[in-house]
Amino acid sequence: MISSYHHMKNAISWTLALVVVALLVSACRPASDGTMSPEELYGEVMEIHDISMLKIDSIYIQIKALRDRHAILEQDSISDHNLRKKEIMEAITQLKNADDEMMDWMKQIKQPEFEDPAAGEYLRAQRLSIIEVDNKIDESLKHATYVLNKEKMPK
């Protein structure tokens, strides 16, 4: 169990490092505003998507760690862990929902005809949508980490 925890911690650390590097690279680009071409907007939307996708492995790692923790609590017949198990299951659900939202977003995104006058508006809406998905991924990962780390807190 300890080696599994260290493996998970290392994987999350590497993923977060990649995300930080990607964010730093994207921060060096000009701010997006109404002057961006549809091609540039599409590139930005896909860049946000790519950064978000780097976090999907962390979702699966966290789900496994939470399931492992839940299984350990299930085996403990001495203490009542119902509240703790419920909290773990809620964290798993939040992670799965964030992953589902990413998959749903990917199914609906379409590369528009860049010369279409509506392309810019469509892509600005898609940028907002993928940012919301990314925020939900971040929130679910943060919450899962909190739930897992609660075990280590002194009681």
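Per the working numbering, the sequence shown starts with residue 2, numbered consecutively.
All C-beta atoms, glycine included, are put in the ideal place defined by N, C-alpha and C.
**Request:** Tell me whether residue 112 sits in a helix, a strand or coil according to DSSP, three-state version.
**Result:** Position 111 of the sequence shown, counted from the start, is the residue given in the question as residue 112. Looking at residue 112 - three-state DSSP - the assignment turns out to be coil, as it is neither helix nor strand.
**Request:** Mind listing, in chain order, the continuous beta strand (DSSP E) runs of no fewer than 3 residues lying wholly within the segment 74 to 146?
**Result:** None, since the segment 74 to 146 contains no complete beta strand (DSSP E) of that length.
**Item:** residue 55 - DSSP class collapsed to helix/strand/coil
**Value:** By 1-based counting over the sequence shown, the position of residue 55 is 54. Looking at residue 55 - three-state DSSP - the assignment turns out to be coil, as it is neither helix nor strand.
**Request:** If I'm right that residue 131 touches residue 46 with Cβ under 8 Å, what's the distance once you round it to whole angstroms?
**Result:** If you number the sequence shown from 1, residue 131 lands on position 130. If you number the sequence shown from 1, residue 46 lands on position 45. Contact between residue 131 and residue 46 is confirmed by a C-beta separation of about 6 Å, below the 8 Å threshold.
**Message:** Let me make sure I understand the geometry here. Which of 39, 68, 106, 84 has the alpha-carbon closest to that of residue 51?
**Reply:** Here the question's residue 51 lines up with position 50 in the sequence shown. Comparing Cα positions, the closest option is 106.
**Prompt:** Using 8 Å as the threshold, is the segment 54 to 62 in touch with the segment 74 to 86, meaning 3 or more CB pairs across them?
**Reply:** Result no; under three Cβ-Cβ pairs closer than 8 Å.
**Item:** Cα-Cα separation, residue 60 to residue 37
**Value:** Here residue 60 is taken as the residue at index 59 of the sequence shown, counted from 1. Here residue 37 is taken as the residue at index 36 of the sequence shown, counted from 1. Taking the straight line from one Cα to the other gives about 33 Å.
**Asked** Does the separation of the CB atoms of residue 43 and residue 109 fall below 8 Å?
**Response** Taking the first residue of the sequence shown as position 1, residue 43 is located at position 42. Taking the first residue of the sequence shown as position 1, residue 109 is located at position 108. Taking 8 Å as the cut-off, the Cβ atoms of residue 43 and residue 109 do not count as close.
**Request:** Starting from the Cα of residue 145, find the closest Cα among 121, 133, 80, 87 and give me that residue.
**Result:** The sequence position of residue 145 within the sequence shown is 144, counting from 1. When only C-alpha atoms are compared, the closest one is 87.
**Request:** Compute the Euclidean distance between the alpha carbons of residue 136 and residue 94, then round it to the nearest angstrom.
**Result:** Along the sequence shown, one-based indexing puts residue 136 at 135. Along the sequence shown, one-based indexing puts residue 94 at 93. Distance between the alpha carbons of residue 136 and residue 94: 16 Å.
**Request:** Could you check what DSSP says for residue 37 in three-state terms: helix, strand or coil?
**Result:** Position 36 of the sequence shown holds residue 37. Residue state, collapsed to three classes: coil.
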